[in-house]
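K.L.:
First the structure, which I've put down as structure tokens, then a few questions once you've had a look.
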Amino acid sequence: LSSIQAGADVRMVSGEDNAITYNRPTTTSSSSSTINRTNRGEGRQLFAGLFSQLRLTPLQKLETTLSARYDYWTNTNGLAELVKYTNGAPGTAFGGTVANSHRASFNPTVSARFDVGLGLRPSVTRYRERSGGGRGRSM
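So for the sequence shown, the working numbering puts the first residue at 20; every next one is plus one.
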């Protein structure tokens with residue numbers, strides 16, 4: 020056994036955005052512009068992960084690594100709303116609340132590296148492709 024590592028990470032992000040879009044002024048005075056639409060959005064995201072790694076050296080020149088990562092993320096309290104205006108008067112709001120969602124991912128990895136000498140250490144790794152992209156071979 021060469022080493023054991025483990026850990027966790029958590030991140031929460033929340034945001035809000037309010038925007039007003041105006042029509043082009045009908046005169047050179049900006050006071051002649053009227054509201055075209057308003058947009059409002061908000062939401063919260065939580066990201067949490069656990070990871071561990073076990074490094075073994077069964078032979079002096081062979082190093083193997085077993086690792087795993089579990090990720091969980093959720094989107095909550097979402098809102099996406101648009102209100103169109105006609106002649107300066109607000110119309111019906113479009114959009115509204117966004118459904119909460121969540122997702123989880125388990126990503127194991129196995130690798131081996133052999134020291135053949137002369138500074139050469141070829142390795143082989145097998146892992147599951149993470150959600151959201153990346154390259155690799157599925158386990």
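Just so it is clear, CB atoms sit at the ideal spot from N, CA and C, and this is done for glycine as well.
Might you give, ordered along the chain, the residues of its own chain that have their beta carbon closer than 8 angstroms to the beta carbon of N55, omitting 5 neighbours on each side?
P.N.:
Taking the sequence shown and counting its residues from 1, the one referred to as residue 55 is at position 36. Excluding positions up to five away in sequence, the list reads T40, Y41, N42, K103 and Y104.
K.L.:
Helix, strand or coil for S51? Go by DSSP, reduced to three states.
P.N.:
In the sequence shown, the residue the question calls residue 51 occupies position 32. It is helical.
K.L.:
So, with DSSP's three-state summary, where would you put G155?
P.N.:
Locating residue 155 in the sequence shown gives position 136, counting from the first residue. With a pLDDT of 41 at G155, under the threshold of 50, the predicted position of this residue should be treated as unreliable, and no value is reported.
K.L.:
Can you give me the Cβ contacts of G152 inside the same chain, cut-off strictly under 6 angstroms, excluding the 5 residues immediately before and after it?
P.N.:
Indexing the sequence shown from 1 puts residue 152 at position 133. Confidence in G152 is poor, its pLDDT being 43 and thus under 50, which makes the residue's placement unreliable; the coordinate value appears in the next sentence. Once the five neighbours on either side are set aside, G152 has no close Cβ partner at all.
K.L.:
Taking 6 angstroms as the limit between beta carbons, can you name the residues of its chain near N37, skipping five residues before and five after?
P.N.:
Residue numbering aside, residue 37 sits at position 18 when the sequence shown is read from its first letter. Result list for N37: R59, in chain order.
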